[in-house]
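Visitor:
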Amino acid sequence: MNPTLSKFMLARTPDRILHPTPTMNTPLPLNTGATIPALGLGTWQSEPGQVKAAVVHAIESGYRHIDCAFCYQNEDEVGEALKEVLAKKVVKREELFITTKLWCTFHTRVEEGLGKSLKALGLDYVDLFLVHWPVPMNPKGNHPLFPKFPDGSRDLDKSTTHIDTWKSMEKLPETGKAKAIGVANYSVKFLEELLPTTTITPAVNQIENHPYLPQQEIVDFCKGKGIHITAYSPLGSTGSPLMKEEVVIEVAKKHSVEPGTVLLSYHVARGSSVLAKSVTPARIESNRKLTTLDADDMEKLEGISKAKGFTRFVYPAFGVNMGFPDKQ
Ligand SMILES: NC(=O)C1=CN([C@@H]2O[C@H](COP(=O)(O)OP(=O)(O)OC[C@H]3O[C@@H](n4cnc5c(N)ncnc54)[C@H](OP(=O)(O)O)[C@@H]3O)[C@@H](O)[C@H]2O)C=CC1
Ligand SMILES: O=C[C@H](O)[C@@H](O)[C@@H](O)[C@H](O)C(=O)O
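In the working numbering, the protein residues as written are 30 to 357.
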């Protein structure tokens, strides 16, 4: 083993680097006994008209993990892509890892929410079903996805809580329609509320995560509870601003790789899986590459937010204290 890596693993965080030679489909363990491929293709803001081709291209070029959500309003097109690759026998269903998410206006209609996604995706089951945000919104408001009050604030459903939502989520694995269940955008505060009430521990917490927002507290907390972290917006979301970050470029040059490779590999080095969105064929291909980062690389990447502070790119105006340390 690389002596620097070995020193890092022993001296700092013993089991932090799980896969010294990661690949896009390195299987990372979930608390269900299943595994999740290290890299997934994101589909948020992938426009209808573009997302089918992106998903087909990704699967044909080796991706096995696709991240979807009902509120992305493109699951029918993702479904067309899945139908095509399955019909062409590029891949078998059981070789794919498909995630989707329960939208906020469906917290009191969990089975119905999953059913809508399954229908759009053309699937009998998903590998992972996540509560998208721990915030129920009014199912009978003035919009099916984003109900608002006249003053523009989000119309929340205060008659129920994310804890009630999880009780309904827990009924899904026995139906076979969701192999695993989990959460997204949960802070330590919300997990501390939820975990004492559960019969099934969430398999995954999908969170915004990148060198501008390392979220060490929730990463460590989840690790202690056996909850796998999936990192979203690893490139800094729309426009991929982190690709231009000097330290990232420096680490990429050292390894003769693209900055994207560094940004994606950072998560796998922490034991997390990671989602990168692109509808551009060359980027979908380039994002497949992961590399091994050593202790010095990780320290440099961790130094970015120490020097510049935190930046969170995805913070919808729910008007709720999410318990994120960078937002208090
Ligand atoms: N649970 C949740 O609440 C959330 C989940 N997610 C999930 O995570 C996924 C990834 O996060 P997302 O916010 O989309 O952002 P990413 O960090 O993946 O960045 C996407 C942006 O980077 C561009 N890009 C992709 N690859 C490259 C490359 N190699 N070089 C230059 N630019 C590149 C894309 O452009 P282009 O497409 O034009 O190529 C797009 O503008 C989402 O799509 C979604 O599936 C994201 C946010 C919230
Ligand atoms: O998954 C991506 C994001 O969470 C996205 O679904 C939300 O930011 C949504 O657009 C909102 O405004 O609440």
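Each residue gets a CB set at the ideal place from its N, CA and C atoms; glycine is no exception. The structure presented is a predicted model; accordingly, all values stated were derived computationally and were not measured.
Entirely within the stretch 67–116 and at least 4 residues each: give me those alpha helix (DSSP H) ranges in chain order.
Guide: You should have 80–89 and 104–116.
Visitor: Taking only the alpha-carbon atoms, compute the straight-line gap between Thr321 and Leu57 and give it to the nearest angstrom.
Guide: Numbered from its first residue, the sequence shown carries residue 321 at position 292. Numbered from its first residue, the sequence shown carries residue 57 at position 28. Straight-line Cα distance between these residues: approximately 16 Å.
Visitor: Can you give the beta carbon distance from Ile94 to Phe135, rounded, assuming they're within the 8 Å contact cut?
Guide: Indexing the sequence shown from 1 puts residue 94 at position 65. Indexing the sequence shown from 1 puts residue 135 at position 106. According to the sequence displayed, residue 94 carries His and not Ile. Their Cβ separation, rounded to whole angstroms, is 23 Å, which puts His94 and Phe135 out of contact at 8 Å.
Visitor: Between Ala232, Leu242 and Pro243, which has its C-alpha nearest Ile65's C-alpha?
Guide: Along the sequence shown, one-based indexing puts residue 65 at 36. When only C-alpha atoms are compared, the closest one is Ala232.
Visitor: Per DSSP, what kind of secondary structure is Ile258 in: helix, strand or coil?
Guide: Here residue 258 corresponds to residue number 229 of the sequence shown, with the count starting at 1. Strand.
Visitor: Would DSSP call Ser129 helix, strand or coil?
Guide: Mapped onto the sequence shown, residue 129 falls at position 100. Reading off the sequence shown, one finds Thr at residue 129, where the question assumed Ser. Strand, per DSSP.
Visitor: Going by DSSP, what residue range makes up the beta strand (DSSP E) through Gly205?
Guide: In the sequence shown, counting from the first residue as 1, residue 205 sits at position 176. First-last for Gly205: undefined, no H or E at that position.
Visitor: Indicate the three-state DSSP secondary structure (helix, strand or coil) for Asp53 in the structure shown.
Guide: Indexing the sequence shown from 1 puts residue 53 at position 24. As written in the sequence, residue 53 is Met, which differs from the Asp given in the question. Coil, per DSSP.
Visitor: Could you name the residues of the same chain whose beta carbon sits closer than 8 Å to that of Leu131, not counting the 5 residues immediately before and after it, in chain order?
Guide: Here residue 131 refers to the residue found at position 102 when the sequence shown is read from its first residue. So the qualifying residues of the chain are Phe99, Val139, Gly142, Leu143, Phe158, Leu159, Val160, His161, Thr194 and Met198.
Visitor: Using three-state DSSP, classify Ser334 as helix, strand or coil.
Guide: Counting from one through the sequence shown, the residue named residue 334 turns up at place 305. It is helical.
Visitor: Going by DSSP, name the residue or residues bridged to Lys177.
Guide: As a first step, residue 177 is located in the sequence shown; it is residue number 148 there, counting from the start. DSSP, once it has assigned bridges, lists Arg183 as partnering Lys177.
Visitor: Leaving aside the five residues before and after Glu89 along the sequence, list all residues of the same chain whose C-beta is less than 6 Å from its C-beta, in chain order.
Guide: Here residue 89 refers to the residue found at position 60 of the sequence shown. Only Val119 meet the Cβ criterion.
Visitor: As a quick exercise: from Lys208, Gln235, Asp180 and Asp96, pick the residue whose alpha carbon is nearest that of Ala346.
Guide: Counting from one through the sequence shown, the residue named residue 346 turns up at place 317. Residue Asp180 is the option with its Cα nearest to Ala346.
Visitor: With DSSP collapsed to three states, give me the class of Val248.
Guide: For this step, residue 248 is matched to residue 219 along the sequence shown. Helix, per DSSP.
Visitor: Since I believe Gly151 is in contact with Leu111 (beta carbons under 8 Å), could you give me their beta-carbon distance rounded to a whole number of angstroms?
Guide: Numbered from its first residue, the sequence shown carries residue 111 at position 82. Numbered from its first residue, the sequence shown carries residue 151 at position 122. 6 Å between Cβ atoms; contact.
Visitor: What are the boundary residues of the alpha helix (DSSP H) that includes Leu223?
Guide: As a working note, residue 223 is residue 194 in the sequence shown. Per DSSP, Leu223 belongs to the alpha helix (DSSP H) from Val217 to Leu223.
Visitor: In three-state DSSP terms, what is Pro43?
Guide: Here residue 43 refers to the residue found at position 14 when the sequence shown is read from its first residue. Low confidence applies here, because Pro43 scores a pLDDT of 41, under 50, leaving its location unreliable and the question unanswered by this model.
Visitor: Measure the Cβ-Cβ separation of Pro263 and His284 and say whether it is below 8 Å.
Guide: Taking the first residue of the sequence shown as position 1, residue 263 is located at position 234. Taking the first residue of the sequence shown as position 1, residue 284 is located at position 255. The answer is no: Cβ separation not under 8 Å.
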